[in-house]
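Note sheet for the following structure.
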Amino acid sequence: MKIATWNVNSVRTREPHILKWLQANPVDVLCLQETKVVDVDFPRAAFEERGYHLAIYGQKSYNGVAILSRNPLKDVTMGFGEIAADTNLDEQKRVITGVLDNIRIVNLYVPNGSAVGSEKYEYKILWLMMLQQYIQNLRATQTCELCVCGDFNIALEARDIYNKRKPTDIMASPEERKALRHVLDVRLEDVFRKFTDEEGHYSWWDYRRGGFQNNRGWRIDHIYLTPDLYEQAKGCEIDVEPRTWERPSDHTPVIVEV
DNA sequence: ATGGCGTACACCGTACGA
């Protein structure tokens, strides 16, 4: 089974890109982030015509996640649910999950955080702490393997960023990294690093100042697997090609074969 | 320090992203 994740930065703007990419990469599952559209306006038709089932969880203008799948997902869930009931951490549309072949696909759009120390940064840290509880709860209550993927807006290591970063740089601060590592403590493994050790592989490049042309990028889109799935994984690739197309998303797809 | 580039909504600029 091939599972991919892609922050498309507006599903309506990127519909032709997604269709073109799926034509060449007929994955079984495609997790999308930043769809930026309410569910009634999601461009379903073209995807359904090509045989994909849709699970969508969107909002106007910002955020929004969706899962396209060849076979229908079972037990689809949206948001953190009950554990976030007394918080403000589940108002934005950032989490959707569903089950295929004893794998629960967890599709995430982690908050960006704006700037270290800002209100949005505090929200990001608290959101990651909620995510940790959420994933721990899934592990405790379900027998499914987990594929936790999406736009994490965090690069964990120096080799995941084109240059050295300061501790005050968003997406590279120690506090963010610690919060994400705590999420992964329940034994989630970064499957890209099972196959590729070297630096220079990124999934996001700033639109500005020729970021992509100069490969000044960050690896912030990740696929994490529980141990049994990780062991059986056959490959994991970042496909930079869509980033070379006209009017691209600033992120590019990451694909795992399990 | 700022803005650079792109998207959405809707104002003809502002909010937000990473």
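Going letter by letter, the first sequence gives residues 0 to 257 in numbering that gives the first Met the number 0. All C-beta atoms, glycine included, are put in the ideal place defined by N, C-alpha and C. The structure displayed is predicted, hence computed values, not measured ones.
The region 113 to 179 contains, as complete beta strand (DSSP E) runs of 3+ residues, the segments 144 to 150 (chain order). By the criterion of a C-beta distance shorter than 6 Å, Glu175 is surrounded in its chain by Ile153, once the five residues flanking it on both sides are discounted. Straight-line measurement puts the Cα of Trp204 at about 15 Å from the Cα of Arg164. Trp20: member of the alpha helix (DSSP H) spanning Glu14 to Ala23, first to last residue. The secondary-structure analysis by DSSP pairs Ile95 across a beta bridge with Met77 and Asn106. The continuous stretches of alpha helix (DSSP H) do not include Leu224, which lies in the beta strand (DSSP E) extending over residues Asp220 to Leu224. Excluding sequence positions up to five before and after Leu130, its CB lies within less than 6 Å of the CB of Val182, all in the same chain and listed in chain order. Counting along the chain, no beta strand (DSSP E) covers Ala232, and no H or E run does either. A distance of 8 Å or more separates the beta carbons of Pro247 and Arg186. Put simply, of Ala54, Leu107 and Tyr133 the residue whose alpha carbon is nearest the alpha carbon of Asp184 is Tyr133. Setting aside the 5 residues that flank it on each side, Gln91 is surrounded in the same chain by Gln58, Tyr61, Asn62 and Pro110, each with a C-beta closer than 8 Å to its C-beta; the list follows chain order. Pairing Ile55 with Ile104 gives a Cβ-Cβ distance that is not under 8 Å.
In this structure, Glu156 is the residue among Asp220, Arg180, Glu156 and Asp168 with its C-alpha nearest to the C-alpha of Glu197. Separation of Val147 and Glu47 (C-alpha to C-alpha, rounded to the nearest whole angstrom) is 24 Å. By DSSP's assignment, His250 forms a beta bridge with Trp203. Closest option to Lys35, judged by alpha-carbon separation, among Tyr229, Gln22, Asn8 and Lys177: Asn8. Residue state for Lys193 is assigned as helix, using DSSP reduced to three classes. A direct Cα-to-Cα measurement between His221 and Asp150 gives close to 7 Å. Rounded to the nearest angstrom, the Cβ distance from Val190 to Leu145 is 12 Å, too far for a contact under 8 Å.
Contact between Asp159 and Arg218 is confirmed by a C-beta separation of about 4 Å, below the 8 Å threshold. Ranked by Cα distance from His16, the first of Val257, Val239 and Gly234 is Val239. Put simply, the backbone Cα of Ile254 is about 25 Å away from that of Phe79. Taking the CA atoms as reference points, Phe211 sits about 11 Å from Thr251. For Val182, the three-state secondary structure derived from DSSP is helix.
In this structure, Val37 keeps its C-beta atom at 8 Å or more from the C-beta atom of Ala3.
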